[in-house]
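Asker: Quick note on numbering: this note's numbering labels position 259 of the sequence shown as 363, and the sequence is numbered without any gaps.
Virtual Cβ for every residue (Gly too), placed ideally from N, Cα, C.
The structure under discussion is supplied below as structure tokens; questions concerning it will follow.
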Amino acid sequence: MTQKQIAVVGGGVVGVCTAYFLAQAGHEVSVIERHQNVAQEASFAHAGIVSPGYSTPWTVPGMPRKILSHLFKSEAAVSVKPTFDRAMWRWVRRWLSEYELERYRINSERMQRMAYYSRDILRQLSEYYQLDYEQTRGVLQLLRTEKDRKLAEPALALLAENEVPHQVLDPEGVRAIEPALASNTPLAGGIYLPEDEAGNCPLFTKRLKQIAGTAGVQFHFTSTVRAIEPESRGVALQIDDGRYAADAVVIAAGIDSVGLLKALGIEVPIYPVKGYSATALIKNFDRAPQSALMDEAYKVAITRLGGRIRIAGTAELGARSDELRERALRTLVKVGGDWFPDAANYAQANFWCGTRPMLPDGPPLIGATPIRNVYVNIGHGSCGWAMAAGCGKALADIISGHAPDIDIDGLTMARYG
Ligand SMILES: Cc1cc2nc3c(=O)[nH]c(=O)nc-3n(C[C@H](O)[C@H](O)[C@H](O)COP(=O)(O)OP(=O)(O)OC[C@H]3O[C@@H](n4cnc5c(N)ncnc54)[C@H](O)[C@@H]3O)c2cc1C
Numbered sequence: 105m106t107q108k109q110i111a112v113v114g115g116g117v118v119g120v121c122t123a124y125f126l127a128q129a130g131h132e133v134s135v136i137e138r139h140q141n142v143a144q145e146a147s148f149a150h151a152g153i154v155s156p157g158y159s160t161p162w163t164v165p166g167m168p169r170k171i172l173s174h175l176f177k178s179e180a181a182v183s184v185k186p187t188f189d190r191a192m193w194r195w196v197r198r199w200l201s202e203y204e205l206e207r208y209r210i211n212s213e214r215m216q217r218m219a220y221y222s223r224d225i226l227r228q229l230s231e232y233y234q235l236d237y238e239q240t241r242g243v244l245q246l247l248r249t250e251k252d253r254k255l256a257e258p259a260l261a262l263l264a265e266n267e268v269p270h271q272v273l274d275p276e277g278v279r280a281i282e283p284a285l286a287s288n289t290p291l292a293g294g295i296y297l298p299e300d301e302a303g304n305c306p307l308f309t310k311r312l313k314q315i316a317g318t319a320g321v322q323f324h325f326t327s328t329v330r331a332i333e334p335e336s337r338g339v340a341l342q343i344d345d346g347r348y349a350a351d352a353v354v355i356a357a358g359i360d361s362v363g364l365l366k367a368l369g370i371e372v373p374i375y376p377v378k379g380y381s382a383t384a385l386i387k388n389f390d391r392a393p394q395s396a397l398m399d400e401a402y403k404v405a406i407t408r409l410g411g412r413i414r415i416a417g418t419a420e421l422g423a424r425s426d427e428l429r430e431r432a433l434r435t436l437v438k439v440g441g442d443w444f445p446d447a448a449n450y451a452q453a454n455f456w457c458g459t460r461p462m463l464p465d466g467p468p469l470i471g472a473t474p475i476r477n478v479y480v481n482i483g484h485g486s487c488g489w490a491m492a493a494g495c496g497k498a499l500a501d502i503i504s505g506h507a508p509d510i511d512i513d514g515l516t517m518a519r520y521g
């Protein structure tokens, strides 16, 4: 293998994992990041769930009706900001075209292939370096009603078909796993994935940054890539007022990858889907969750991060600002209060919003682009943390001229023609 000089644009969890594996493969790597540290944008305060069994597209049949029913509720899983943004309506059209059982199965298989691989790689990293990033084991899906149970059927069928260890639980079974769950909130049952996990993504990313730094990766903070210019033998990056030459570049710039690629003549249908989180100190440990849960009715996750509890979710289409919208925060506080009312004071939580870089079909895009020496690791949507380690390793293999450990069919630019 020839050693290359590679620039990675973006110091989120995806960029840092990619840089680490490129350095492990013997390349000279620089990460260019506009903030002062890694994991400051989408990777910062999301739910933290690493659940391959739950890594499925949002295009589960039956979901459009549920979304419509939520549009006018005061607490809602999904909201659409009225906007004339043509990119949004183009994205919605493509997204709706994926709402078929067969498409759902194809997209889920692609996402889960990467997510299972990624979880194994994450565990290997965590064991090898003895990483502590507030991991918990097991993810419990809460099904409030019979309707939620029905909506979960396609996902359940996939779990059974793929022989993924899981338990379908009645309310008593759910409470045996999470004894502090409030008894007065309606509960029809649950699905438990004992092998899935959750953890603090920015803590992990910062540790991996240190490890990558020791392996020679250079981090350039407060540096913004303004343009990427392909050259005969490599690429040149316009960084603020300077120029940086490299043999190849990996674009891992989250939602801003769209603009960098567009300037190169490459259109990718990634759209920002805003989400929120509330993180509160646990005041009553006996009344707090043991590990991660997912409230299927509101598509809101509850995770335990050491001495804190995080409630994260909601999806807002058409909102591009950092504004913390009252309706979304109310939804998080409601879900926290519904399930673990005495665990924390949710009104005093730290609230955050971030942007999921979503493709309409679900799986991310990794690998080469039509432009030589320009690679991507983008579009991880709501599963970027769950897929970062695997996508980083697979892309480092591709750039090094090796076959990745898993089949990456359906995870490359080829699927958009
Ligand atoms: C509410 C919510 C809950 C979520 N829950 C989960 C979950 O439980 N599990 C899960 O797996 N995923 C979850 N996600 C999704 C996850 O947050 C993302 O998929 C993931 O963080 C994407 O990582 P990234 O590195 O691609 O992007 P980012 O973390 O956004 O990193 C991109 C980086 O690129 C930098 N950048 C951009 N443009 C430039 C430029 N021109 N020059 C220099 N730097 C640049 C940015 O500053 C940023 O640091 C959730 C997301 C949200 C919003």
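List the endpoints of the continuous alpha helix (DSSP H) containing Asp252.
Answerer: The residue given as residue 252 occupies position 148 in the sequence shown. Taken as a continuous stretch (DSSP letters only), the alpha helix (DSSP H) holding Asp252 covers 250-255.
Asker: Secondary structure at Asp224, three-state DSSP: helix, strand or coil?
Answerer: Position 120 of the sequence shown, counted from the first residue, corresponds to residue 224. If DSSP states are grouped into helix, strand and coil, Asp224 belongs with the helices.
Asker: Taking only three categories from DSSP, how would you classify Glu371?
Answerer: For the purposes of this step, residue 371 is identified with residue 267 of the sequence shown, where counting begins at 1. DSSP places Glu371 in coil when its eight states are reduced to three.
Asker: Just curious, the beta strand (DSSP E) that Tyr296 is in, first and last residue?
Answerer: As a first step, residue 296 is located in the sequence shown; it is residue number 192 there, counting from the start. Unbroken beta strand (DSSP E) run through Tyr296: 293-302.
Asker: I'd like to confirm the pairing. Which residues does DSSP put opposite Ser134 in its beta bridges?
Answerer: In the sequence shown, the residue the question calls residue 134 occupies position 30. Beta-bridge pairing links Ser134 to Ala111, Gln322.
Asker: Among the candidates Val480, Gly466, Asp465, whose CA atom is the shortest distance from the CA of Ala472?
Answerer: Here residue 472 corresponds to residue number 368 of the sequence shown, with the count starting at 1. The shortest Cα separation from Ala472 among Val480, Gly466, Asp465 belongs to Val480.
Asker: Just how far apart, CA to CA, sit Ile136 and Phe325?
Answerer: Counted from its first residue, the sequence shown places residue 136 at position 32. Counted from its first residue, the sequence shown places residue 325 at position 221. Their Cα atoms are separated by approximately 6 Å.
Asker: When you compare each of Pro508, Asn266, Ser395, Pro467 to Ala284 by their alpha carbons, which one comes out closest?
Answerer: For the purposes of this step, residue 284 is identified with residue 180 of the sequence shown, where counting begins at 1. Ranking Pro508, Asn266, Ser395, Pro467 by Cα distance to Ala284 puts Ser395 first.
Asker: Can you list, in chain order, the residues of its chain whose CB lies under 6 Å from that of Val120, leaving out five sequence neighbours each side?
Answerer: For the purposes of this step, residue 120 is taken as residue 16 along the sequence shown, with counting starting at 1. So the qualifying residues of the chain are Val142, Thr309, Leu312, Lys313.
Asker: Sorted by chain position, which residues of the same chain lie with C-beta nearer than 6 Å to Phe455's C-beta, five sequence neighbours on each side aside?
Answerer: For this step, residue 455 is matched to residue 351 along the sequence shown. Closer than 6 Å at Cβ, skipping near neighbours: Ala382, Leu428, Leu433.
Asker: Provide the residue(s) that pair with Gln481 in DSSP beta bridges, ordered along the chain.
Answerer: Start at 1 with the first residue of the sequence shown, and residue 481 comes out as number 377. It is Asn, not Gln, that sits at residue 481 in the sequence shown. In DSSP, Asn481 forms a bridge with Ile470.
Asker: Does at least one heavy atom of ligand 3 sit under 7 Å from the Cβ of Ala356?
Answerer: As far as ligands go, the structure on display features ligand 1 and does not contain ligand 3.
Asker: Taking one C-beta from the segment 144-160 and one from the segment 287-305 each time, how about it: are there three or more such pairs within less than 8 Å?
Answerer: Segments in contact, yes.
Asker: For Glu400 and Gln271, what's the separation of their Cα atoms in angstroms?
Answerer: Position 296 of the sequence shown holds residue 400. Position 167 of the sequence shown holds residue 271. Answer to the nearest angstrom: the Cα atoms are 16 Å apart.
Asker: In terms of alpha-carbon separation, which member of Val112, Tyr380, Ile355 lies closest to Tyr402?
Answerer: Counted from its first residue, the sequence shown places residue 402 at position 298. Considering only alpha carbons, the answer is Tyr380.
Asker: Identify every run of the beta strand (DSSP E) within the segment 382-445, keeping only runs that are complete inside it and at least 3 residues long; order them along the chain.
Answerer: Qualifying beta strand (DSSP E) stretches, in chain order: 396-399, 404-409, 412-421.
Asker: Can you tell me whether DSSP reads Lys313 as helix, strand or coil?
Answerer: Reading the sequence shown from its first residue, position 209 is the one you call residue 313. Here Lys313 sits in helix by DSSP.
Asker: Report all residues from its chain with a CB closer than 6 Å to the CB of Ala423; omit the five preceding and five following residues, and keep chain order.
Answerer: Walking along the sequence shown from the start, residue 423 turns up at place 319. So the qualifying residues of the chain are Lys185, Lys378.
Asker: What three-state label does DSSP hand Val362 in the structure shown?
Answerer: To locate residue 362, count along the sequence shown from 1; it is residue 258. It is helical.
Asker: For Met398, which residues from the same chain have a beta carbon less than 6 Å from its beta carbon, with the 5 sequence-adjacent residues on both sides left out?
Answerer: As a working mapping, residue 398 is identified with position 294 in the sequence shown. Taken in chain order, the residues that qualify are Gln245, Ala405.
Asker: Kindly list the residues whose CB is nearer than 6 Å to the CB of Val478, restricted to its own chain and excluding five residues on each side of it in sequence; keep chain order.
Answerer: One-based indexing of the sequence shown puts residue 478 at position 374. Cβ neighbours of Val478 beyond the five flanking positions: Val353.
Asker: When every heavy atom of ligand 1 is checked, does at least one fall within less than 7 Å of the C-beta of Tyr450?
Answerer: For this step, residue 450 is matched to residue 346 along the sequence shown. False, no ligand heavy atom lies under 7 Å from that Cβ.
Asker: Just to confirm my understanding: we take Arg198, look at its own chain, exclude 5 residues before and 5 after, and list those with CB closer than 8 Å. What are they?
Answerer: Numbered from its first residue, the sequence shown carries residue 198 at position 94. Answer for Arg198: Pro373, Pro464, Asp465, listed in chain order.
Asker: What is the DSSP secondary structure of Gln342, reduced to helix, strand or coil?
Answerer: What you label residue 342 is simply residue 238 of the sequence shown in a count that begins at 1. Here Gln342 sits in strand by DSSP.
Asker: Indicate whether Arg214 and Pro467 have their beta-carbon atoms separated by less than 8 Å.
Answerer: Counted from its first residue, the sequence shown places residue 214 at position 110. Counted from its first residue, the sequence shown places residue 467 at position 363. Their beta carbons are under 8 Å apart, which means Arg214 touches Pro467 by this criterion.
Asker: Ordered along the chain, which non-local residues of its own chain (more than five positions away) have a Cβ less than 6 Å from that of Ile475?
Answerer: For the purposes of this step, residue 475 is identified with residue 371 of the sequence shown, where counting begins at 1. Cβ neighbours of Ile475 beyond the five flanking positions: Pro334, Leu368.
Asker: Report yes if the C-beta of Gln314 is less than 7 Å from at least one heavy atom of ligand 1; otherwise report no.
Answerer: For this step, residue 314 is matched to residue 210 along the sequence shown. It does not: the Cβ of Gln314 is nowhere closer than 7 Å to a heavy atom of ligand 1.
Asker: What residue does the alpha helix (DSSP H) around Cys121 start on, and which one ends it?
Answerer: Here residue 121 refers to the residue found at position 17 when the sequence shown is read from its first residue. It spans 117-128 - the alpha helix (DSSP H) in which Cys121 sits, taken as one unbroken run.
Asker: Could you check if Asn461 belongs to the surroundings of ligand 1, using beta carbon to heavy atom distance under 7 Å?
Answerer: Counting from 1 along the sequence shown, the entry for residue 461 is found at position 357. Note that residue 461 is Pro in the sequence shown, not Asn. Within the cutoff, so yes.
Asker: At a threshold of 7 Å, does Val243 count as lining ligand 1 (C-beta to nearest heavy atom)?
Answerer: Here residue 243 corresponds to residue number 139 of the sequence shown, with the count starting at 1. No; taking the cut-off as 7 Å, the Cβ of Val243 has no heavy atom of ligand 1 nearer than that.
Asker: Do Trp199 and ligand 1 come close, with the Cβ less than 7 Å from some heavy atom?
Answerer: Working through the sequence shown from its first residue, we reach residue 199 at position 95. False, no ligand heavy atom lies under 7 Å from that Cβ.
Asker: For Pro334, does the three-state DSSP call read helix, strand or coil?
Answerer: As a first step, residue 334 must be located in the sequence shown, where it is residue number 230. DSSP places Pro334 in strand when its eight states are reduced to three.
Asker: Alpha carbons only, please: which of Leu260, Thr318, Ala280 is nearest the one belonging to Pro269?
Answerer: Your numbering for residue 269 matches position 165 in the sequence shown. Selected option, being the one with the closest Cα: Leu260.
Asker: Measuring CB atoms only, is the segment 218-231 touching the segment 285-295, in the sense that at least three cross pairs come out at less than 8 Å?
Answerer: With the cut-off at 8 Å, the segment 218-231 and the segment 285-295 do not touch.
Asker: Once you ignore the five residues that flank Ser212 on each side, which residues in its own chain have a CB closer than 6 Å to its CB?
Answerer: Walking along the sequence shown from the start, residue 212 turns up at place 108. Thr160, Leu262, listed in sequence order.
Asker: Using the Cβ count rule (16 or more neighbours within 10 Å means buried), how would you classify His506?
Answerer: The residue labelled residue 506 in the question sits at position 402 within the sequence shown. Exposed, because fewer than 16 other Cβ atoms sit within 10 Å of the Cβ of His506.
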